Structure formats: structure tokens, C-alpha cells
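Residue numbers (our numbering), protein chains in the order written: chain A, 11 to 485; chain B, 11 to 485. Backbone N, C-alpha and C define an ideal beta-carbon position, used for all residues, glycine too. These numbers were taken from a predicted model, which means no experiment stands behind them. Following: one structure in C-alpha cells, then a few remarks.
Number of protein chains: 2
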Amino acid sequence: MRLAPLLLSVALASGLGLATAPAFAAGATDQQETRIPQASFATAERLREQALESDLGYRIVESLTTEIGPRMAGSEADARAVEWAIAKFHELGYDKVWTEPVTFPKWVRHGESGAVVGDHAQPLTLTALGGSPGGSVEGEIVRFDDLEALEAAPEGALAGKIAFVDYEMERTRDGSGYGLGGRLRSRGPSAAIRAGAEGFLMRSAGTDLHRNPHTGNTRFDEGLEPIPSAALSLPDAEQLTRLLALGKPIRVRMDLDVGWDGEYTSQNVIGEITGSSRPDELVLIVAHLDSWDLGTGAVDDGAGIGITMAAGKLIGDLERRPARTIRVIAFANEEQGLVGGRAYAEKYAGEVTRHMIAAESDFGAGRIYALSSGAPEYARGAVKQIAEALAPLGIEYAGDAGGPGPDLIPFAGKGLMWARLAQDGTDYFDLHHTPDDTLDKIDPEALAQNVAAYAVFAYLAAEAEGDFGSAPKDE
Amino acid sequence: MRLAPLLLSVALASGLGLATAPAFAAGATDQQETRIPQASFATAERLREQALESDLGYRIVESLTTEIGPRMAGSEADARAVEWAIAKFHELGYDKVWTEPVTFPKWVRHGESGAVVGDHAQPLTLTALGGSPGGSVEGEIVRFDDLEALEAAPEGALAGKIAFVDYEMERTRDGSGYGLGGRLRSRGPSAAIRAGAEGFLMRSAGTDLHRNPHTGNTRFDEGLEPIPSAALSLPDAEQLTRLLALGKPIRVRMDLDVGWDGEYTSQNVIGEITGSSRPDELVLIVAHLDSWDLGTGAVDDGAGIGITMAAGKLIGDLERRPARTIRVIAFANEEQGLVGGRAYAEKYAGEVTRHMIAAESDFGAGRIYALSSGAPEYARGAVKQIAEALAPLGIEYAGDAGGPGPDLIPFAGKGLMWARLAQDGTDYFDLHHTPDDTLDKIDPEALAQNVAAYAVFAYLAAEAEGDFGSAPKDE
Chain A
11 MRLAPLLLSV ALASGLGLAT APAFAAGATD QQETRIPQAS FATAERLREQ ALESDLGYRI
71 VESLTTEIGP RMAGSEADAR AVEWAIAKFH ELGYDKVWTE PVTFPKWVRH GESGAVVGDH
131 AQPLTLTALG GSPGGSVEGE IVRFDDLEAL EAAPEGALAG KIAFVDYEME RTRDGSGYGL
191 GGRLRSRGPS AAIRAGAEGF LMRSAGTDLH RNPHTGNTRF DEGLEPIPSA ALSLPDAEQL
251 TRLLALGKPI RVRMDLDVGW DGEYTSQNVI GEITGSSRPD ELVLIVAHLD SWDLGTGAVD
311 DGAGIGITMA AGKLIGDLER RPARTIRVIA FANEEQGLVG GRAYAEKYAG EVTRHMIAAE
371 SDFGAGRIYA LSSGAPEYAR GAVKQIAEAL APLGIEYAGD AGGPGPDLIP FAGKGLMWAR
431 LAQDGTDYFD LHHTPDDTLD KIDPEALAQN VAAYAVFAYL AAEAEGDFGS APKDE
Chain B
11 MRLAPLLLSV ALASGLGLAT APAFAAGATD QQETRIPQAS FATAERLREQ ALESDLGYRI
71 VESLTTEIGP RMAGSEADAR AVEWAIAKFH ELGYDKVWTE PVTFPKWVRH GESGAVVGDH
131 AQPLTLTALG GSPGGSVEGE IVRFDDLEAL EAAPEGALAG KIAFVDYEME RTRDGSGYGL
191 GGRLRSRGPS AAIRAGAEGF LMRSAGTDLH RNPHTGNTRF DEGLEPIPSA ALSLPDAEQL
251 TRLLALGKPI RVRMDLDVGW DGEYTSQNVI GEITGSSRPD ELVLIVAHLD SWDLGTGAVD
311 DGAGIGITMA AGKLIGDLER RPARTIRVIA FANEEQGLVG GRAYAEKYAG EVTRHMIAAE
371 SDFGAGRIYA LSSGAPEYAR GAVKQIAEAL APLGIEYAGD AGGPGPDLIP FAGKGLMWAR
431 LAQDGTDYFD LHHTPDDTLD KIDPEALAQN VAAYAVFAYL AAEAEGDFGS APKDE
């Protein structure tokens, strides 16, 4: 009921004439189908082949991960990364380049170590979870198979002890195994506190067997006193489990020199290729500029930055620009809570409608195998048209499987329509948030396939006649 | 000329009657061929099959790497490892168990870090080379392709700088690629000093692309003032090379909190299965008990400890023991200069002859694919007989390829005859001397194949009539 007037005002506020405003009400029976003009496909095909032959995406990731290296939100390198992104957009010939501030509390990691103490004294490779307080704790280890088992521990049961959750994450192509792994990382520390623990340790949310722990953000429920929380590399988690199997109490010491240190303002960096006939309508392809500090953020998310910046550049080089504007966003601080994405959603809350559709690349550098979208019925034909143009890249249409990329979640909550170019993430959690996330892990050919897919997707979406279903909604 | 009297005296000193002493002079035309009695092969076959079905070798490695963990020579864990080995030999029912002292200067690692400083500031993952002095150095990086290029640098050319040798080691089944990699590690620092460098950095002598640097011993030529010397993980070496390719000076800082700290006495730990009819004649199967500190020393050389201890135990369990004694040695401090092997060679210098033949397992946990030996012509038939008994394990006879295992080199220099059970080392240098050398990297089935091969080899060598060519020689 509140929808129609709101939409109208949004359309006006965005500077869209009513003539170009599509019919928004998804339920309306007279809804015209969104279609992509046949004339656009020849260009899309050329774009696809050019992208496959180009190493631009790889060179962008190389530049970012080499010249800047790790770029944790709030670090000195965060500022350098922002300058790098501005310069790179300009270098690539984007029509407009600007930044938008993103402010957040700064979390720092100075050092960290862990060790088994006592009869079987030996070091443990661990890393603090983002948001963990610093501190030194030593205590007997109590092991749990998974989060549910820890949550079932009675209040006070872990007094003076360190909770250790040895949940083994599943390797999957679509990354679905990360659901439970990420959930443990997010909720485990609070569950440990409720049971009285003085420290929290988890088997990393990862699938490799290398001596590289996986960091990542955690949070603490309100009213709880945060405790030092860390993740063990998978071989170390297995070692700890073997030590516990000896049947004697095992004590571990962890020293985390980490914590909160004031506030920091980073920037979302935005570049645009201006549309030729409907420049106020936007197709978004996005990624995040920040990384964790342990690796150089090549697959997370240097790859996404390279893919989207290169795709936009290839579109910008076309003789005839697409109708709509391509907006490429390098988001600030995704890792510590989608902060850049939230800032964007707040800032553009009144402009949902002109953000026609958005896709984020933030799942590594593996080949894309599927296109899906939450687009309503009247726009599915257009999504299928795009999927057909992507088919030569080995990409299938996958209905409405999945959802928006992480930085898009806040804005999708306000009505932004998403598309998903699903990457093969079979190996992604071998590297995700570890020291091993470095350039050498990227296959340049797979990356070029990604650039091709993003270029074709963005170009055709920017040529579409009709919308994809972005419409303001109450959260 | 001096050979015959010496041999005779050795034989007497060893308590061998002349009747059982074989004819030693390899050049003699009336040399009887060494042969293994046909009756021994049925037992060897049973032994082989039992070993393949047993997980004893794996359980020994698991026990060592879990309960002790890393056990760098001279560390607190070195002493625990010695106690562990004594207890394990007893637990396995060895007839005799004893230790022999091994004294060496103690080298310690407290901490280490490295970083690119300046415009592209970022951490580098490195590890000090064993024997490096501690200290902090910062300097401009000068890159060399290999050791030869560094050695060609004029005196003083690197004054105030850090030499970086980016030699890429080759992956090979037989480990031959390590020749040049290990040579760089050993000789690089001295070459850097001669050119005036203040620090030495090398691409790790390894074949993986993980963020795990490979440590290992280095040495400094006499008269040179040692400089901080470290190895970069392979991804970090590639990163440094990419940074240098930007065309600007790149400065690196390395802080090594390592160095020499007095003297330490560890122990060679020895267990014997006493022979049934010629107990004074020894067949040696050996490995080393120490490891580097970064990993838990699973493939280097927990595997060798598990393989040899288990093989001896399986032979000890036979209804009828072989003629000769099986001596299993867990050497102290192989990693920092074959110190345990040298001590053994000194102590038993007068008893070369009764050490009939020796094989060391110190090349990981991969399957064995070949048997070779430096045995003289008259004993080759017996080696071939052993190879035939090993053939069902996928092992071929390989003549005199290779040489003695590292701990056997000092004694082989005094005349000990060696055999080599060549393991597939294709992946060995992915793990060697890194944090990643942990139990999970061992395939239990491949390890059982090793145990089977060592058991069959040792059993049949201990049944042989005639010797394998061990004879004192002037070094």
C-alpha cells in the first residue's frame, strides 16, 4: 500500500522521467516483459571474445596485491588501496571516479601465538578472529564436535577453561559448506562465554590441510564480556584432538596482541562508464577493496576488483556505449561487517529504483558456472537471454538460486535486485582468509572467463528494455 | 696394502670368528658370491604381507609427532624425544636398547619477521636458516637468479644491501632438484658476505606454493663475519620479484631473534633385535629422531623413525630370528650437520666390518620404487635377490644408483656399505623443513609399504651368507 507513492517519489528524486520509469508492480498483470534488443548480442559476443583474450583482469589483481599487498580495513594499507583504486579507475579511462566515506571502529592485530603447555609442550598455529579482544589465557581444553554441542554446555561448565570446537567444514562447489563454518566463527565465542570459558578456539572454517589458520570476523552478543577468540590451522586442530585422545588433560596458552583502536574512515571507491541513452539508470558490478591481513587478498577479493574493473573498462572501450551506466564499486571494509555496503545502502536508500540490477564478485577466482537472479517473472526472460550469451563460457541459467553478494545484502534489503554469477568455489576455502591467499593461486585463464562473464552480463543488462525488479521495500 | 691386517684385527676385535668372516678383498678372484638361502624367502614373504596389513609404522609416527611434536636438536623437546624413543623401543620388545651421547653447539630460534618497507610496505613470510646469527638488518634488495650469479658479484658490490637469490628448485621424483637448492642454502650466505651484503635472503629450497618458508642449515666459511640469513616462502619470493619488477628500489627489513646458545648433549637411541646365529654381525636400518622446529617432523623424519622401528619390531616378532642382528638407530641432530651420524662413525670406526650393510629412511613417506646399493660385484646377486622379494611392492632393482642416507655418510666414508630404498619424493619438498610437515601429510598405506620394504630388506640382509662389502677404508 505504501509502495506506489514511494516508488513515484523515488523515481522523481532520482531525476528519472516517468516515461523511462518502468512499471514496477511485479504483481500487475499488464507488466511488460523486460527484453534485451537482439542488436545488442553481436556486441556482447565481441566483448566476450575480447575479454577472453585479455589479461587485464589478472594485471589489475597483480597490481593491487603486489603494490599494496594486504589491506586490512583501517590499516595504513587501506588508505594506499583507496589511492590505488582511484588511480586505477582513472588509468582505465572511467568517465567518473569518486569516493564515499565509510567510518568504522578500527581493529588491529600486532601479534598472536599459541602453544600446548605441559608434558606435550609444542607451538600451535592460530590466528585471532577479527573483533577478538587481546589478552593471554591459559586453560584446559574442552573439545566440542560442533557449535550445537558447545551451545548445549551448561552455564559455568567451562569455568577457567578454553572451549575448542573442532567442526569440520564441508568442501562444496557453491560454498554452502561455509554456512556452518562461518556460523561457528560468528556465534561460537558468545556460546563459550555463556558456558564460562576464558578463551575460544575453533578449527578454522576452511578445507585445506596447510599450516595456515583462517581468520575472519566474529562478534559478541550484547551484555557478554568478550574473551580471546582464535582459529587453529586445520593440522593444529587435528593435533589438538589427537593430544586430547591421549586421555589426559591438555592445557593451552594463547597470547593475542589484538584489539580495538579508535575509529577510522575509509572510502568506497566508485568508477562509472556513462550510459549512452539512459545514463541515470545503473547496472552495478561490485567487489570489495579491503582484505584480511594474513594474505595479500588475491582471491578475497583482489580477484573481484580485477574482474569488475576490467569488465567495466572493456565496456568503456566499446565504440557504442550501452544505454545504461555501468557503475563499478570497490567497497571498503567488507570483511568486518559489510561496512562499505551498509554505507552505500544508507546513502542511496532513496535511489533503489535506478539501480537496475547488481552483481558482486567475491568468491575467488574460479570459473563461473551459473547465472541466477531474484528477478521477477517479467524480467526472467531477459536474465535467460543473458545466460544464453554466457553459455559459450560454460555458464548455465540457474533460476533464482543463491542471493546477493555480501556487499549487496544491505541494499538488497532495501529492494535492490541482484544477479549472481556463481563461481566454482571448490578450492576457495583452502585459501579464504589465510596467509595463502596470494596471487599465485589465481589461474589467469579462469580469471579472464570471469571478466568475460561480467562484461557480457553488465553490457546486456545495461541494454535491456525494462527493469529487473529493483523496487524500494520495507525491511 | 694396509687393508688386510686392519680387517683381520677388526674382525677379531669385533669378536667374529675367522670361520664366519667373509673374504673381504673385493678384487680377489676367488671371492665367493654372497647369497641369501632360498629357505629365507618364505619368511620374507610372510613378513612383507604382515607389514602391509599393519599400521604400526603409522602409529609410531603418530605417537612421536603428537606427543613430542617438533624436536629441534638442543631444544627441551629433544630430551623428551630421546625418552620417547627409549620407551618406544622397549614397548616394541627390542632385545637391547641404549643411548650414546652426541654433543653439539645449540642453535635457538625465538622469533623472526620480515617486511618490505616504504611505498609498498607489507610483511614477508620468512624463516631464519639454521646457524644464522640473530640481528636486524634493513637494506635495498639486490636479486640474483642463482648462486652462480651471486658468486659472480664483485667484492663490495652489495655493501649495505641484502642479497636475494630467487633460484627455483626443480620438482623431481628422486629429489635431485634439492642438490642445487640445498647448495644455495649452504653456500649462499658466504657468497653474499664476500660481496659485502648485510643480509641474505633466498627463495626457499622447496617446490610448494604455500606461505610456508623452508628452513634448513647453512654454514659460513671461515674468516667471514656471519650475516642474518633467511629463506622466504615461495609466494613471498615471487612477490619480492614482482615488486622489484616495478623498477624502483625495494627495501626489506628482517629481524631474526635466533643464534647460538652454548652446548647441548643429546643421544643416539639404539634398539636391537638380536640375531639367532651371527648376532655380532649387524644390519642397520636407521633414521633421525630430531626435526626442525617449524613443523612436527612427520615426513622429516618421523616417517623414517616409524618405518625402521616398525620393521625391526616385525622382524623381532618372527618365530625364528634372522642370523644377524638388526640394529635400528634413531640418530640425534641430523639436521644441523649429521652430528649423530658423525658421532656413531667415530665410536664404531674400528667395527666397520661387522656392520654388514645399512639403509636409512630419511626422504619422507612416499612409496619406495627402487633398491640400490654400492655393494661390490660378488654381493650384487644377493642385492638382486632382495630386490626380487621386494618386487611385489612395486620396487625395482636399480644397481648402484644413489648413495648412503645422510646419517650414514660419515660411516660410509669409513667403509660402511649402504643400500638405498628409494622413495618417491615428488611431493617431499613441498613439506620439507616447513610448518606444513605434519602427520596429516602421511598416507598410511604408503607408509606400510615402506615398513614392508625395510622389514624384507633387513631380514634378508640378515640372513645372507657372505658380506656386502663393508670394509675399512682410508678417508
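Contact residues of the stretch 446-457 of chain B toward chain A are 446, 448, 449, 450 and 451 (C-beta to C-beta distance below 8 Å). Of all residues in the stretch 219-241 of chain A, only 219, 220, 221 and 222 come within less than 9 Å of chain B when Cβ atoms are compared, listed by chain position. In terms of beta-carbon proximity, residue 259 of chain B stays away from the interface with chain A, with every pair separated by 9 Å or more.
Judged by DSSP in its simplified three-state form, residue 458 of chain B adopts helix. Annotation: the stretch 401-428 of chain B contains the following complete segments of the alpha helix (DSSP H) (minimum length 4 residues), in chain order: 419-422. With a threshold of 16 other beta carbon atoms within 10 Å, residue 306 of chain B meets it and is buried. Using beta-carbon distances, residue 71 of chain A does not count as an interface residue toward chain B, since no partner is under 9 Å.
Collapsing the DSSP output to three states places residue 225 of chain B in coil. Within the stretch 421-441 of chain B, no residue has its Cβ closer than 8 Å to any Cβ of chain A.
Beta-bridge analysis with DSSP links residue 469 of chain A to no other residue.
243, 244, 245, 246, 248, 249, 252, 253, 255 and 256: these are the residues of the stretch 242-274 of chain B whose beta carbon lies less than 9 Å from some beta carbon of chain A, given in chain order. Following the DSSP letters along the chain, one finds residue 475 of chain A in no alpha helix (DSSP H), marked with neither H nor E. Between the alpha carbons of residue 256 of chain B and residue 341 of chain A lies a distance of about 26 Å.
Interface residue (Cβ-Cβ distance to chain A less than 9 Å): residue 306 of chain B is classified as such.
When DSSP states are grouped into helix, strand and coil, residue 382 of chain B belongs to the strand group. Between residue 107 of chain B and residue 281 of chain B, the gap from beta carbon to beta carbon is short of 9 Å. By the criterion of at least three beta-carbon pairs nearer than 8 Å, the stretch 429-438 of chain A is in contact with the stretch 379-387 of chain A.
In summary, the residues of the stretch 125-154 of chain B whose CB is separated from some CB of chain A by less than 9 Å are 126, 129, 130, 131, 132, 133 and 135, in the order they occur in the chain.
Within chain B, the C-beta atoms nearer than 8 Å to that of residue 86 of chain A come from 131, in chain order. Not flagged as an interface residue toward chain A: residue 67 of chain B, since no C-beta distance is shorter than 9 Å. Residue 338 of chain A places its beta carbon 9 Å or farther from that of residue 68 of chain A. Going by DSSP, residue 237 of chain A is part of no beta strand (DSSP E) at all; its letter is neither H nor E. Ranking B:484, B:111 and B:475 by CA distance to the CA of residue 42 of chain B puts B:475 first. The beta carbon of residue 130 of chain B sits closer than 8 Å to those of 253, 256 and 260, all from its chain and outside the five residues before and after it, given in chain order.
Using beta-carbon distances, residue 77 of chain B counts as an interface residue toward chain A, with a partner under 9 Å. The closest CA to that of residue 271 of chain B, considering only B:156, B:56 and B:144, is found on B:144.
Here residue 72 of chain B is buried. Its C-beta has 16 or more other C-beta atoms within 10 Å. In the three-state reduction of the DSSP assignment, residue 166 of chain B falls in the coil class. Cβ atoms of residue 216 of chain A and residue 244 of chain A come within 8 Å of each other, at about 6 Å. Within the same chain, 112, 278, 298, 341, 342, 343, 344 and 417 come within 7 Å of residue 350 of chain A by CB-CB distance, once the 5 residues on both sides are set aside. The shortest CA-to-CA distance from residue 211 of chain B to any of B:232, B:74, B:251 and B:188 is the one to B:251. At least one CB of chain A lies nearer than 9 Å to the CB of residue 444 of chain B.
Judged by DSSP secondary structure, residue 97 of chain B falls within the alpha helix (DSSP H) whose first and last residues are 86-101.
When C-beta atoms of the stretch 145-157 of chain B are compared with those of the stretch 309-327 of chain B, fewer than three pairs fall below 8 Å, so the two segments do not count as touching. Within the stretch 321-407 of chain A, the complete alpha helix (DSSP H) segments at least 4 residues long are 349-357 and 387-400, listed from N- to C-terminus. Cβ neighbours of residue 463 of chain A within its own chain (closer than 7 Å, five residues either side excluded): 378, 400, 403, 405 and 431.
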